[in-house]
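Notes to accompany the following structure.
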Amino acid sequence: MGKVEFPEVKYHIQMKKGDVGRYVFLPGDPGRTDHIAKLFDNSKLVASNREYRTFTGTLLGEKVSVTSTGIGGPSTAIAVEELIAIGADTFIRVGTSGGMQPEQIPGELAICLAAIRDEGTSMAYLPPEFPAVADITVTQALKQAAINLNVPYRVGITQSKDSFYGQHEPERMPVADHLLQRWKAWKMGGAICSEMEAATLFILGNIYRKRTGGIMLVAANQESDDPNVGVVEELDDLMAVSIEALKILIKLDKKTE
Amino acid sequence: MAVRKTKQGAQHHIHLHTGDVGRYVLLPGDPGRCEMMAEYFDEPKFIVQNREYVTYTGKLLGQKVAVTSTGIGCPSTAIAVEELIAIGADTFIRVGTSGGIQPGTKVGEVAIVTGAIRDEGTSLHYMPIEFPAVADIDVVQALKEGAIRAKVPYRLGITQSKDSFYGEVEPDRMPMADHLKNRWKAWVDGGAVCSEMESSVLFIISSIHRKRAGGVMLMAGSVDTQPQTEEEFAEFHKLFDVHRAISTAIEGLKILIENDLK
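Residue numbers (this note's numbering), protein chains in the order written: chain G, 21 to 277; chain Y, 31 to 292.
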């Protein structure tokens with residue numbers, strides 16, 4: 021196998037050292053990078069290639085960035101590998117999700133302590149017995165931020181899946197029984213949300229000794245015991261709590277440096 | 031099928047009744063360590079022993095606390111935790127000894143466990159393998175502050191919960207040697223901090239029952255820091271002192287109780 025030489029500019033994210041700070045927000049949707057960047061000081065579009073779109077700015081005088089990962093573990097792993105290679109060391113996944121416990125109300129936030137590895141990408145890195153766990157300091161900062169801004173939240177486990185429609189319309193899948201049985205197990209285990217990227221991010225964070233965390237808006241809840249439960253697509257609380265959490269982390273880092 | 035109880039109505043294996051323990055329970059593996067842990071309690075009292083399950087209770091900050099041994103391994107631990115939950119316990123701190131995984135780990139450091147590698151069979155009877163065995167964040171945070179209060183050097187991280195002790199310490203003589211060594215390398219690369227035999231099933235059962243669990247493990251150093259000379263062995267035995275893990279757990283438990291009382 022020939023060794024492929026990659027240029028200084030990373031192949032997929034189209035960025036090099038210096039283009040991002042050590043702190044990076046990771047939304048799935050490239051369209052949401054603008055929304056987050058508006059909350060930075062001095063934000064500037066740095067690169068946009070495929071589903072990877074990056075803005076860099078500052079918070080409390082520290083360089084911070086937002087890079088979209090696209091949907092799923094495969095594109096997320098590429099983004100995180102390349103961001104680490106150009107110097108990022110603290111990642112907060114910011115996204116939307118579905119609730120999994122009957123009492124969850126759309127609009128509340130799910131802070132991800134760990135992830136169910138219901139996906140294929142992280143298996144290329146570590147056997148499935150290894151837990152996908154977020155960094156405790158990042159998780160604690162996200163929790164503190166939700167408390168500071170008085171936004172309802174819960175801390176728990178997310179299901180990181182590969183198949184969106186396998187979750188939403190399991191009955192029409194050839195492996196319907198398998199999907200339904202596993203979903204029941206995740207619910208009984210207390211999982212609080214379902215999304216598609218956190219497990220890969222947490223596993224890479226463990227391997228490279230980088231800090232990771234995740235915060236998800238619970239946009240809908242198919243498991244709600246309220247039949248009239250609505251859908252919340254308003255992202256302002258999610259964004260405000262994420263920014264507040266990063267400020268908490270930056271202050272902590274400045275204290276320990 | 032109904033859960034069997036003893037003739038006196040106690041839980042089948044741990045021989046305890048509802049009301050015997052409070053909500054807070056320390057879980058050592060070794061029954062021989064229960065008494066020394068109970069000495070940290072106010073009003074320590076021996077309650078019962080059956081098989082490898084020994085229980086003492088007492089008080090901390092005026093609240094009822096207990097220590098129950100689990101025996102070695104996840105099978106006996108699962109039984110202890112199921113039965114303790116059935117009689118009202120809701121907060122568990124595993125306190126034990128372990129081997130350090132990361133190079134440079136010094137004997138006497140404690141590991142505060144954030145999650146566990148499910149390298150065992152018991153938790154698979156409860157949950158598919160992809161589900162993470164993760165500790166409760168409030169317990170982890172309390173143990174971290176507990177280590178600082180107890181002035182014990184600590185590392186936060188993931189533990190390997192294995193079924194085979196000798197498969198870990200003497201993999202070369204096992205029929206599955208290559209498999210065991212490949213996986214061990216993956217755990218090292220993944221950043222796991224210690225290796226022991228009970229945490230993963232405690233965390234999985236606690237998630238299912240919505241109970242709080244965490245763990246603090248005294249570490250015996252890593253492969254590269256093992257003692258070589260007589261002086262180093264003497265120093266090793268001085269530092270490999272389980273009271274470091276116990277005092278961290280006791281301080282952490284007090285912090286949890288303080289927060290719960292608020």
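Yeah, the Cβ is synthetic: ideal placement off N, Cα and C, and Gly gets one too.
For residue i, collect the residues of the same chain with a Cβ closer than 7 Å to its Cβ; drop the 5 residues on either side in sequence, then sort them by chain order.
{"i": "residue 71 of chain Y", "result": "88, 89, 90 and 95"}
{"i": "residue 38 of chain Y", "result": "none"}
{"i": "residue 247 of chain Y", "result": "126, 127, 128, 140, 141, 143, 189, 224, 226 and 275"}
{"i": "residue 181 of chain G", "result": "138, 139, 187, 214 and 216"}
{"i": "residue 217 of chain Y", "result": "131, 147 and 190"}
{"i": "residue 115 of chain Y", "result": "239 and 241"}
{"i": "residue 59 of chain G", "result": "259 and 263"}
{"i": "residue 58 of chain Y", "result": "64, 67, 97, 99, 125 and 126"}
Could one say the Cβ of residue i lies closer than 9 Å to chain Y's Cβ atoms, at least one of them?
{"i": "residue 138 of chain G", "result": "yes"}
{"i": "residue 149 of chain G", "result": "yes"}
{"i": "residue 114 of chain G", "result": "no"}
{"i": "residue 271 of chain G", "result": "no"}
{"i": "residue 163 of chain G", "result": "yes"}
{"i": "residue 268 of chain G", "result": "no"}
{"i": "residue 196 of chain G", "result": "no"}
{"i": "residue 211 of chain G", "result": "yes"}
{"i": "residue 167 of chain G", "result": "no"}
May I have the straight-line CA-CA distance separating residue i from residue j, to the nearest angstrom?
{"i": "residue 68 of chain G", "j": "residue 62 of chain G", "result": "18 Å"}
{"i": "residue 137 of chain G", "j": "residue 155 of chain Y", "result": "18 Å"}
{"i": "residue 76 of chain G", "j": "residue 55 of chain Y", "result": "48 Å"}
{"i": "residue 276 of chain G", "j": "residue 130 of chain Y", "result": "26 Å"}
{"i": "residue 189 of chain Y", "j": "residue 249 of chain Y", "result": "11 Å"}
{"i": "residue 257 of chain G", "j": "residue 102 of chain Y", "result": "47 Å"}
{"i": "residue 50 of chain G", "j": "residue 114 of chain G", "result": "12 Å"}
{"i": "residue 108 of chain Y", "j": "residue 232 of chain Y", "result": "7 Å"}
{"i": "residue 120 of chain Y", "j": "residue 168 of chain Y", "result": "13 Å"}
{"i": "residue 278 of chain Y", "j": "residue 288 of chain Y", "result": "15 Å"}
{"i": "residue 146 of chain G", "j": "residue 230 of chain G", "result": "16 Å"}
{"i": "residue 106 of chain G", "j": "residue 65 of chain Y", "result": "53 Å"}
{"i": "residue 222 of chain Y", "j": "residue 247 of chain G", "result": "44 Å"}
{"i": "residue 176 of chain Y", "j": "residue 281 of chain Y", "result": "5 Å"}
{"i": "residue 149 of chain Y", "j": "residue 149 of chain G", "result": "6 Å"}
{"i": "residue 274 of chain G", "j": "residue 179 of chain G", "result": "33 Å"}
{"i": "residue 239 of chain G", "j": "residue 252 of chain G", "result": "5 Å"}
{"i": "residue 34 of chain G", "j": "residue 64 of chain G", "result": "15 Å"}
{"i": "residue 93 of chain Y", "j": "residue 134 of chain G", "result": "31 Å"}
{"i": "residue 41 of chain Y", "j": "residue 257 of chain Y", "result": "44 Å"}
{"i": "residue 42 of chain G", "j": "residue 272 of chain G", "result": "14 Å"}
Closest Cβ-Cβ distance between residue i and chain G: below 9 Å?
{"i": "residue 107 of chain Y", "result": "no"}
{"i": "residue 170 of chain Y", "result": "yes"}
{"i": "residue 210 of chain Y", "result": "no"}
{"i": "residue 31 of chain Y", "result": "Reliability of the predicted coordinates at residue 31 of chain Y is poor, the pLDDT of 49 falling under 50, and the value obtained from them is presented with this limitation in mind. Chain G contact via Cβ: absent."}
{"i": "residue 115 of chain Y", "result": "no"}
{"i": "residue 63 of chain Y", "result": "no"}
{"i": "residue 53 of chain Y", "result": "no"}
{"i": "residue 216 of chain Y", "result": "yes"}
{"i": "residue 124 of chain Y", "result": "no"}
{"i": "residue 44 of chain Y", "result": "no"}
Looking at the unbroken beta strand (DSSP E) that takes in residue i, where does it start and where does it end?
{"i": "residue 78 of chain G", "result": "72 to 79"}
{"i": "residue 190 of chain Y", "result": "184 to 192"}
{"i": "residue 62 of chain G", "result": "61 to 69"}
{"i": "residue 235 of chain G", "result": "231 to 240"}
{"i": "residue 148 of chain Y", "result": "137 to 149"}
For residue i, go through chain G and note every residue whose CB falls closer than 8 Å to its CB, in chain order.
{"i": "residue 144 of chain Y", "result": "153 and 156"}
{"i": "residue 149 of chain Y", "result": "149"}
{"i": "residue 186 of chain Y", "result": "156"}
{"i": "residue 77 of chain Y", "result": "The contacting residues do not exist; residue 77 of chain Y stays about 30 Å from chain G at best."}
Which residues bound the alpha helix (DSSP H) around residue i?
{"i": "residue 95 of chain G", "result": "93 to 105"}
{"i": "residue 185 of chain G", "result": "184 to 188"}
{"i": "residue 105 of chain Y", "result": "104 to 116"}
Since residue i meets chain Y, which of its residues come closer than 8 Å, beta carbon to beta carbon?
{"i": "residue 159 of chain G", "result": "167"}
{"i": "residue 238 of chain G", "result": "Those do not exist, as residue 238 of chain G stays about 18 Å from chain Y at its closest Cβ, beyond 8 Å."}
{"i": "residue 206 of chain G", "result": "161"}
Go through its chain and collect everything with a Cβ distance to residue i's Cβ below 8 Å, but skip five positions before and after it.
{"i": "residue 31 of chain Y", "result": "Reliability fails at residue 31 of chain Y, whose pLDDT of 49 lies under 50, so the model's placement of it is uncertain and the value that follows must be treated cautiously. Here the set comprises nothing."}
Which residues in chain G have a C-beta closer than 7 Å to the C-beta of residue i? List them in chain order.
{"i": "residue 160 of chain Y", "result": "136, 137, 138 and 148"}
{"i": "residue 164 of chain Y", "result": "133, 134, 151, 153 and 177"}
By Cβ distance below 6 Å, which residues in the same chain neighbour residue i in space, the five residues on each side in sequence not counted?
{"i": "residue 157 of chain Y", "result": "234"}
{"i": "residue 137 of chain Y", "result": "250, 251, 266, 269 and 270"}
{"i": "residue 224 of chain G", "result": "100"}
Taking Cβ-Cβ distances shorter than 9 Å, what residues in chain Y pair up with residue i?
{"i": "residue 227 of chain G", "result": "219, 220 and 221"}
{"i": "residue 92 of chain G", "result": "Correct list: empty, because the minimum Cβ distance to chain Y is about 16 Å."}
Give the residues of chain B in contact with residue i, contact being defined as C-beta atoms less than 8 Å apart.
{"i": "residue 51 of chain G", "result": "In the structure shown, chain B cannot be found, because the protein chains are G and Y."}
Identify the contact partners of residue i in chain Y, using a Cβ-Cβ distance below 7 Å as the criterion.
{"i": "residue 202 of chain G", "result": "158"}
Using the beta-carbon of each residue, which ones in chain G are nearer than 9 Å to residue i?
{"i": "residue 213 of chain Y", "result": "147 and 149"}
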